[in-house]
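**Student:**
2 protein chains.
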Amino acid sequence: MTLIKVSSQSKTASVAGAIAGIVREQGKAEIQMIGAGSINQAMKAMVLARGYLKEDGLDVICYPEFVDLDFDGRLVTALKLIVEPR
Amino acid sequence: MTLIKVSSQSKTASVAGAIAGIVREQGKAEIQMIGAGSINQAMKAMVLARGYLKEDGLDVICYPEFVDLDFDGRLVTALKLIVEPR
Numbered sequence: 008m009t010l011i012k013v014s015s016q017s018k019t020a021s022v023a024g025a026i027a028g029i030v031r032e033q034g035k036a037e038i039q040m041i042g043a044g045s046i047n048q049a050m051k052a053m054v055l056a057r058g059y060l061k062e063d064g065l066d067v068i069c070y071p072e073f074v075d076l077d078f079d080g081r082l083v084t085a086l087k088l089i090v091e092p093r
Numbered sequence: 008m009t010l011i012k013v014s015s016q017s018k019t020a021s022v023a024g025a026i027a028g029i030v031r032e033q034g035k036a037e038i039q040m041i042g043a044g045s046i047n048q049a050m051k052a053m054v055l056a057r058g059y060l061k062e063d064g065l066d067v068i069c070y071p072e073f074v075d076l077d078f079d080g081r082l083v084t085a086l087k088l089i090v091e092p093r
């Protein structure tokens, strides 16, 4: 499973293209977000990706989960967004 | 349909309780978010609400849409999150 890592600097159109491409190829996508700016970009990208995939007849939904990441001993709670066909 | 308005100052546990309550009563919930801080709080609340509703045997998913709001002539693009049973 390819993990899409989104930052506050990520371009929404690029992230949307990645989501749509991975859902088409693998049937599902996972997005990792750390911080409000990153979640903001990911959710805007999700609106665009839903539009792209709707053109292919795919209706995708999502749901978030907490995930604990370890950066050299520093624990950070990130958000993972799972994107799947409805 | 009750619209849950989330700000960057909203408490995630309160928002989660509102999402779970409205889904239980109305079968579906809609959340309005303006800005990154608000989207951040709403998505964290969504993780909690999924946990609450899972205890009731309900598996809920979500999807975002853009929505244009008019504040006395000032147009703002907000995000609406629709929460539904899978």
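The listed protein sequences correspond, in order, to chains X and L. Mapping the first sequence onto our numbering, position 55 (from 1) lands on 62, and the numbers just tick up by one. Mapping the second sequence onto our numbering, position 27 (from 1) lands on 34, and the numbers just tick up by one. All residues carry an ideal CB built from backbone N, CA and C; glycine is no exception. Computed from a prediction, not measured in an experiment: that's the story for all the values here.
Please report the distance separating the alpha-carbon of L:Glu32 from that of L:Glu91.
**Tutor:** 12 Å
**Student:** The alpha helix (DSSP H) spanning L:Gln39 covers which residue range?
**Tutor:** Unbroken run through L:Gln39 is the beta strand (DSSP E), Ala36 to Met40; no alpha helix (DSSP H).
**Student:** To the nearest angstrom, report how far apart X:Val74 and L:Leu55 are at their CA atoms.
**Tutor:** 13 Å
**Student:** Looking at C-beta atoms only, is the number of pairs between the region 17-30 of chain L and the region 64-82 of chain X that lie closer than 8 Å three or more?
**Tutor:** Contact between the region 17-30 of chain L and the region 64-82 of chain X is absent, because fewer than three Cβ pairs lie under 8 Å.
**Student:** Is L:Ile68 closer than 8 Å to L:Gln39 when the C-beta atoms are compared?
**Tutor:** no
**Student:** Strictly below 8 Å CB to CB, what residues from chain L border X:Ile38?
**Tutor:** Going along chain L, no residue has its Cβ under 8 Å from X:Ile38, so there is no contact; the nearest lies around 11 Å.
**Student:** Straight-line CA distance for X:Ala52 to L:Pro71?
**Tutor:** 10 Å
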